[in-house]
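Peer 1:
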Amino acid sequence: PPLSIKAGLLIPSNTSFLMPFENTAGAFTVALDRIRNENLLPAGTNFTLYWRYEECMESTSMGYSLELVHDIGVDVLFAPPCIDGSLIAGHVGTYYNIPVMLWGMTFDSEFANVNTFPTTMSVISNYKDMGNVICDLLKYYDWTSFALIYQADEDGSCFSFQEDIEAISQQRENCLIGYQEPVDSWADVDIKFTINQIKNNARIIVLCFDDNIQQRQFAITLAENGMNTNEYLYIIPDADMKIAVGLEETPWWIDTTGATTSKDAAAKTIGLHSLVVGNVNTKVAADTGKNYETQFVNFSKQVMAKMSDWPFYCPTCNRGQNASAYASTLYDVVYLYGLVLSNTIKQYGLNSTIYRNGRLITKNSDLEFEGMSGPVRLGPDGVRDSTYAIFGYDDAGKRVQYLSFATSDTGIVRDLILIRDKADPVRKF
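For reference, each letter of the sequence shown is one residue, going 1 to 429 in UniProt numbering.
Below is the structure:
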């Protein structure tokens, strides 16, 4: 009989998230088209998709994960695109031995622990890699310590980043956190205390904010306190998929609301003294021979067109907006599932006890393919090995790439590909 796969998808419907259902879910069926076109699965294979609006909440992730896996009996669970909910979905998958696929903003390094999450596979890199890249960046420039300032939101990505880079700092030499503080109050006395502590303890400052509004607000405060000189350098870990898919974005220091545009110039002075550590799996168009921005524009049209077709039938979803940048990761993880399922079936046949065996399927995840977010390479831990770029900004607010670091399970390789001037511009700091 033909293969029949039941898939569960947890996704937010709220458009305040960066990857809402209305302009993201269509990536699922775009990837299915590729799986069918490449004949990865037996002819006549049928997919049934069950989705639940989980809204990136831990309680709904728990409830819907159990419903999909235990009650409906899905063969694979596509986890929520947020860290806390995906951790819960991963634990449910471990208990029931069901493959769990990670996409979106699931950067937590815990997913690389094959003892805790033996059934998960991820097309998302993790903050452990990014933290090691930051330490390697410090090492390259002979810097030894930094201050860590991060947004105090336990549900935000920066909270996980802070945990991971703190652990890495303790393991490595000459990558010390000289001062660490969450921004949990904007009262003048509290901000003034933080500013003074930074001045007294660091010249290299890592800033992690989950939203650009708070990052811009803190940058304005730094500038107003005279910390926008060559005496200071700011490192900003950026997990925005716009970089990875080749899309330009409005510089973070520009107030897009129009409320306090008079402060843009002050915030920009911090931007010009910053380095951004960005996930750039596409590398550079010149290296790959591909124009990833054009590719994503075409992909975006496909995603939005799919929203009115099977299985979503949502004629009101497409209002002329682009697909979310994170739709590329949903596409990649669905295609990844097709690849590992294909490899498993070739080895063991069509027995459902085999292709529902999460621990077995993940053994086939050490592979590489061309994804919508660039080349996807997974290591034995089932987590993506990524390339990170170090960007600065020019006066026009355009990103200028200086360095890149390729990560793998065996370590980090630095590539000095794009220092454009004879003198390294970063050395001025």
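Idealized CB from N, CA, C, for every residue including glycine.
In this text, all values refer to a predicted model and were calculated from it rather than measured experimentally.
Give the secondary structure of Lys398 by DSSP, where H, G and I count as helix, E and B as strand, and everything else as coil.
Peer 2: In the sequence shown, counting from the first residue as 1, residue 398 sits at position 398. Coil.
Peer 1: Among Ala325, Ala147 and Ser86, which one has its Cα closest to the Cα of Asp155?
Peer 2: In the sequence shown, the residue the question calls residue 155 occupies position 155. Among Ala325, Ala147 and Ser86, the Cα nearest to that of Asp155 belongs to Ser86.
Peer 1: Can you find a C-beta in chain C that's less than 8 Å from the C-beta of Pro375?
Peer 2: In summary, chain C is missing from the structure at hand, where a single protein chain is found.
Peer 1: Under 7 Å: does the beta carbon of His70 sit that close to some heavy atom of the ligand NAD?
Peer 2: Ligands displayed in this structure: none; no statement on the ligand NAD is therefore possible.
Peer 1: Look up Asp238 in the DSSP assignment and give the residues it is bridged to.
Peer 2: Here residue 238 refers to the residue found at position 238 of the sequence shown. Answer is Gly278, bridged to Asp238.
Peer 1: Starting from Cys208 and walking both ways along the beta strand (DSSP E), at which residues does that stretch end?
Peer 2: What you label residue 208 is simply residue 208 of the sequence shown in a count that begins at 1. Looking at the DSSP string, the run of the beta strand (DSSP E) that includes Cys208 is Ile204 to Cys208.
Peer 1: Put Gly349 into one of helix, strand or coil per three-state DSSP.
Peer 2: Residue 349 sits at position 349 when you count from the first residue of the sequence shown. Coil at Gly349, not helix or strand.
Peer 1: Which one of Gly320, Gly379, Pro118 and Glu173 has the shortest CA to CA distance from Ser145?
Peer 2: In the sequence shown, residue 145 corresponds to position 145, counting from 1. Looking at the Cα atoms, Glu173 is the closest of the given residues.
Peer 1: Nearest to Thr256 by alpha carbon, out of Leu341, Thr269 and Arg216?
Peer 2: Within the sequence shown, the letter at position 256 stands for residue 256. When each option's Cα is compared against that of Thr256, the closest is Arg216.
Peer 1: Who are the Cβ neighbours of Ser386 in its own chain at under 7 Å, not counting the five residues just before and after it?
Peer 2: Locating residue 386 in the sequence shown gives position 386, counting from the first residue. Excluding positions up to five away in sequence, the list reads Ser125, Asp129, Asn279, Asn281 and Thr407.
Peer 1: Just to confirm my understanding: we take Asp210, look at its own chain, exclude 5 residues before and 5 after, and list those with CB closer than 8 Å. What are they?
Peer 2: Your numbering for residue 210 matches position 210 in the sequence shown. Result list for Asp210: Gln151, Asp153, Gly156, Ser157 and Cys158, in chain order.
Peer 1: Whole angstroms is fine: what's the gap from Val400's alpha carbon to Leu102's?
Peer 2: Position 400 of the sequence shown, counted from the start, is the residue given in the question as residue 400. Position 102 of the sequence shown, counted from the start, is the residue given in the question as residue 102. Going by the C-alpha atoms only, they are around 30 Å apart.
Peer 1: DSSP three-state call for Arg384: helix, strand or coil?
Peer 2: Along the sequence shown, read from residue 1 onward, the residue named residue 384 stands at position 384. DSSP places Arg384 in strand when its eight states are reduced to three.
Peer 1: Return the CA-CA distance between Phe296 and Leu222, expressed in angstroms with no decimal places.
Peer 2: Taking the first residue of the sequence shown as 1, we reach residue 296 at position 296. Taking the first residue of the sequence shown as 1, we reach residue 222 at position 222. Cα to Cα, Phe296 sits roughly 36 Å from Leu222.
Peer 1: Just to confirm, are Asp71 and Tyr127 a CB contact at a threshold of 8 Å?
Peer 2: For the purposes of this step, residue 71 is taken as the residue at position 71 of the sequence shown. For the purposes of this step, residue 127 is taken as the residue at position 127 of the sequence shown. No, Cβ-Cβ distance for Asp71 and Tyr127 is not below 8 Å.
Peer 1: Taking a contact to mean a Cβ-Cβ separation below 8 Å, would you say Asn15 touches Glu22 in this structure?
Peer 2: To locate residue 15, count along the sequence shown from 1; it is residue 15. To locate residue 22, count along the sequence shown from 1; it is residue 22. The sequence given here has Thr at residue 15, not Asn. The answer is yes: Cβ separation under 8 Å.
Peer 1: Could you tell me whether the Cβ atoms of Gln69 and Tyr50 are closer together than 8 Å?
Peer 2: Taking the first residue of the sequence shown as 1, we reach residue 69 at position 69. Taking the first residue of the sequence shown as 1, we reach residue 50 at position 50. It is Val, not Gln, that sits at residue 69 in the sequence shown. Cβ atoms of Val69 and Tyr50: not closer than 8 Å.
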